[in-house]
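Mapping of the sequence shown onto numbering that gives the first Met the number 0: position 39 corresponds to residue 38, and the numbering continues sequentially without gaps. Virtual Cβ for every residue (Gly too), placed ideally from N, Cα, C. What follows is a set of notes on a single structure, which appears directly below.
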Amino acid sequence: MDFFSLPFTTDFSSIAFGVLAGLLVAFSDCLGNTFHKNL
Numbered sequence: 000m001d002f003f004s005l006p007f008t009t010d011f012s013s014i015a016f017g018v019l020a021g022l023l024v025a026f027s028d029c030l031g032n033t034f035h036k037n038l
């Protein structure tokens, strides 16, 4: 195992997960708003 690439990999995956979660929350929030408007 490469110890130099390990912190970078975990850091990158955590950042990617954070961005993905933020996008998912924003998308679901927008979807919920349009859904309530159509109701």
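Other residues of its chain near residue i: CB distance less than 6 Å, five sequence neighbours each side excluded
i, result
"Leu30", "none"
Cα-Cα separation, residue i to residue j
i, j, result
"Asn37", "Thr9", "42 Å"
"Ser19", "His35", "For clarity, residue 19 is Leu in the given sequence; the question names Ser instead. In a straight line, the C-alpha of Leu19 is about 24 Å away from that of His35."
"Gly21", "Phe11", "15 Å"
"Thr33", "Ile14", "29 Å"
"Phe26", "Gly17", "14 Å"
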